[in-house]
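Participant: For the protein sequence lines, the chains are A and B, in the order given.
For the first sequence, position 67 (counting from the first letter as 1) is numbered 67 according to the numbering used here, and the numbering increases by one without interruption.
For the second sequence, position 335 (counting from the first letter as 1) is numbered 448 according to the numbering used here, and the numbering increases by one without interruption.
Every residue gets a Cβ at the ideal spot worked out from N, C-alpha and C, and that includes glycine.
None of the values given here were measured: they were computed from a predicted structure.
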Amino acid sequence: MSIDRRDVEQITHLVRLSFTEAEAQDIGTQLTRILDHFAQLDAVDVNGVEPTWQPVVTPNTMREDEPRDGLERSSALRNSPDRDAAAEGFFAMPAVLEDLADETVIDDAGEDA
Amino acid sequence: MAKSKKRKQSKKSATPENNPLDRFATVTSLAAAVAAGDVAAVEVADAALARIRDEDFDPDAGGSRDRLNCFLGLEPEKVRERAAAIDAKRAAGEPLGPLAGVPVGIKDNISLAGSPLTCASKLLAGYTAPYDAHVIERLLAADAIPVGRLNMDEFAKGSSGETSAYFPARNPYDPTRVPGGSSSGSAAAVGAGLLPAALGSDTGGSIRQPASLTGTVGLKPTYGRVSRYGLVAFGSSLDQIGPLTRTVEDAARVFAAIAGHDSRDATSAPRPVEDPLPTLTQGVEAVRVGLPKQTTGALDGVEPAVVEAMERAAKALEAAGAVLVDVDLPHSQYAISAYYLLATSETSANLARFDGVRYGARRTPGDDDGEPRDVPPGPHSPLLATYLTTRGAGFGDEVKRRIVLGAFALRSGYHDKYFRKAAQVRTLIQRDFIAALGADAAAKSGSAPPCDVILTPTSPTVAFPLGAKLDDPLSMYMCDIFAAPVSLAGVPAISLPVGLDSAGLPIGAQLIGPMYGEARVLRVAATLERELGRIAPPTPAAAG
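1) Could you tell me whether any Cβ in chain A is nearer than 8 Å to the Cβ of L697 (chain B)?
2) Listing by chain order, which chain B residues have their CB less than 8 Å from the CB of E50 (chain A)?
3) Could you check whether the region 14 to 23 of chain A touches the region 499 to 512 of chain B, counting it as contact only if at least three pairs of C-beta atoms, one from each stretch, sit closer than 8 Å?
4) Taking the C-alpha atoms as reference points, what is the distance between V599 (chain B) and F268 (chain B)?
5) My output table needs one value for T52 (chain A): the three-state DSSP class, helix, strand or coil.
6) Can you tell me whether G617 (chain B) is buried or exposed, with buried defined as 16 or more other CB within 10 angstroms of its CB?
7) Here's the rule: buried if 16 or more other CB atoms are within 10 angstroms of the residue's CB, otherwise exposed. What is V488 (chain B)?
8) Considering only residues of the same chain and omitting the five flanking positions on each side of K116 (chain B), which have a CB-CB separation below 6 Å?
9) Check this for me: beta carbons of I223 (chain B) and L312 (chain B), under 8 Å apart or not?
10) Starting from T499 (chain B), trace the alpha helix (DSSP H) in both directions and tell me its first and last residue.
11) Check T640 (chain B) in the structure and name its three-state DSSP category.
12) Note down, in chain order, every chain A residue with its Cβ under 8 Å from the Cβ of D468 (chain B).
13) Can you check DSSP and say which residues form a bridge with T358 (chain B)?
14) Of all Cβ atoms in chain B, is any one closer than 8 Å to the Cβ of A95 (chain A)?
15) Within the continuous beta strand (DSSP E) that includes L17 (chain A), where are the two ends?
16) Determine the chain B residues that contact T32 (chain A) at a beta-carbon separation under 9 Å, and present them in chain order.
17) Helix, strand or coil for Q395 (chain B)? Go by DSSP, reduced to three states.
18) Just the C-alpha distance for L645 (chain B) and A146 (chain B), rounded to the nearest angstrom, thanks.
19) Tell me the DSSP secondary structure of P610 (chain B) in three-state form.
20) How do the region 400 to 414 of chain B and the region 560 to 580 of chain B stand: do at least 3 beta-carbon pairs fall below 8 Å, yes or no?
21) In whole angstroms, give me the CA-to-CA distance for S461 (chain B) and R515 (chain B).
22) I'd like to know if K534 (chain B) contacts chain A, where contact means its C-beta is closer than 8 Å to some C-beta of that chain.
23) Cβ atoms of D169 (chain B) and R180 (chain B): under 8 Å apart, would you say?
24) Just checking, does the region 223 to 239 of chain B make contact with the region 328 to 339 of chain B on the three C-beta pairs under 8 Å criterion?
25) Just to check my reading of the structure: L308 (chain B) and P216 (chain B) have Cβ atoms closer than 8 Å, yes? What is that Cβ distance to the nearest angstrom?
26) In chain order, what residues of the region 577 to 602 of chain B put their CB closer than 8 Å to some CB of chain A?
27) Are the CB atoms of P610 (chain B) and I620 (chain B) within a distance shorter than 8 Å?
28) Which stretch, first to last residue, makes up the beta strand (DSSP E) that contains P405 (chain B)?
29) Anything in chain B within Cβ reach of P67 (chain A), meaning under 7 Å, just list it in chain order.
30) Could you name the residues of the same chain whose beta carbon sits closer than 8 Å to that of G473 (chain B), not counting the 5 residues immediately before and after it, in chain order?
31) What is the DSSP secondary structure of F170 (chain B), counted as helix, strand or coil?
32) Would S2 (chain A) pass as an interface residue toward chain B - the criterion being a Cβ-Cβ separation below 8 Å?
33) Could you name the residues that DSSP lists as bridge partners for Q623 (chain B)?
34) Step through the CB atoms of chain B and report whether any lies within less than 8 Å of the CB of Q54 (chain A).
35) In angstroms, rounded to a whole number, what distance separates the CA positions of T409 (chain B) and T569 (chain B)?
36) Using 8 Å as the limit for Cβ to Cβ distance, is T29 (chain A) near chain B?
As structure tokens, then:
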């Protein structure tokens, strides 16, 4: 299994990362080496073996539905990168839609379609 | 700085461990001295702060970078206030907790309300934790004093401390070598005698491997034993917080203080914690110590000095009354692959939250480091461009590598081949440990498993030079070859120093128990520590 440039670009977009040109080349080479090692798993017979997602299966526990104090709003906003918005009591983020060029909109969900 | 040949001769004539102001005072002696009023908590705190300032990190000067580099931050006033409060409590006649006045270093991925928290990442520069982690609440309730933010691999991803975005911590036994990771600063600070204890976190070896490389004791508790509330998540099905100390008894004391159920962590084990202290001196008569054929004897990539140290450790346990038995862990050879696939998959999900919207150092295109970082290129909305730049410039190489690897393993079309397959292999690895050790330390019925604890090396090598593995991720991942199977199975394990190699570098042994068997591994470790004697500490001057 090798990770080529196209794989890196697709995954990079999915996980919201950006790379410099040098980083992008480096990561493809290294991930290919790592995946070559992981190919040792192909030899393991796991027929009928259930996967383990958690080492301990803790039974679902319920508590009384009582009101509890949460984080104070000022504490939650304390680390907001946009200080002006935080002072007014909310998070502000960059625009989702404005300034989009018209020809290309990368579809978040359609990468593997 | 050259290695000191005099290191091995640095035996001490007096008993500085019992002098509460000595750099190598134990947790046990410190807490007893403060509780008895033999020394004020403020004096203990001032002694620790002076050592840290003189040898490693001066908060006023911003820290000197050619030292051990254990600390990312330190708030001396908060430390002194806390110590004064403990002294006032004692003066008022109130009983003090089991860690009275003990300075405990905190890995910089554990939240301390009102203090910075960076995970050694540029992305979290300027972040202030809004609440205390469960372990911090427990330390405060035990009258311990949290001291400083300890260096680490960025977001706990690394086995050498070198992926820290700020500067790499160094090994107190040889500052040209790594202290291991990811709890690099915790291990180096305790090993150097700057602090008697520190908290680390262990996902695939991040407490045990640095403990092994720095001559310290590191305990990874059973998964779910210590609440993860307030710990920045790496691999949620693997992460555990635990202590690094210089003695097994000290590890038992800190573990006892932080373990126990917490309703805010849904995977926290709702069962009582057996106090490990009363059984610590009971020895190992008839205890069956398993030696896995996969990890015993000469192995590729395992240094001969490590193999010899394991043989000495096994003989010492046998001489103390233990029975050595062969066990089989046939799937442990697949652990690195399974571990890195699962841990990176969990990472790619857990680190999605660091996007610069609610917290984090937000960057927009144009205020990055100047290099174009736009792969794939193309027009993006201002929000998407901010995500790409914030995360692309804020995360370091290893963090990004693991996010991409995890996302690759989770991608449709590859999910069954990688992510699910790794989780199935995890089942086989867990079954190996259950077959060898039984399912649960508390199990009273059923046929007896073949052994009570398992002995392996912690790390295949002693501390390696800075830079030796940084450009070769796969060889760095192999540092976890003995630690990762334990993490996948969820069982507890301790690393303790069992000797020095010919260059004077520490070698650690790993003792593994069944689920909830911390008291058992601590008892066997305490016996081994008594039988072999403690290793010589590093020469403090090496830190200068």
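Facilitator: The short version:
1) Coverage of chain B is limited to positions 114 through 657, which leaves residue 697 (chain B) absent and any answer about it impossible.
2) Q537, T540
3) yes
4) 21 Å
5) coil
6) buried
7) Note on V488 (chain B): pLDDT 49, under 50, position unreliable in the model; no value is reported.
8) Only weak support exists for where K116 (chain B) lies, its pLDDT of 42 falling under 50; the value from the coordinates is given anyway. Around K116 (chain B): D287.
9) yes
10) 495 to 507
11) helix
12) R16
13) B:A310, B:V330
14) yes
15) No beta strand (DSSP E) holds L17 (chain A); DSSP gives it neither H nor E.
16) Per Cβ cutoff of 9 Å: no residues; T32 (chain A) is ~11 Å from chain B at best.
17) coil
18) 27 Å
19) strand
20) yes
21) 7 Å
22) yes
23) yes
24) no
25) 5 Å
26) P586, L587, Y590, L601, A602
27) yes
28) 401 to 405
29) By Cβ distance, chain B contributes nothing, its closest Cβ being about 15 Å from P67 (chain A), past 7 Å.
30) L236, L237, Y240, F467, T503, G507
31) coil
32) no
33) B:T569, B:S608
34) yes
35) 7 Å
36) no
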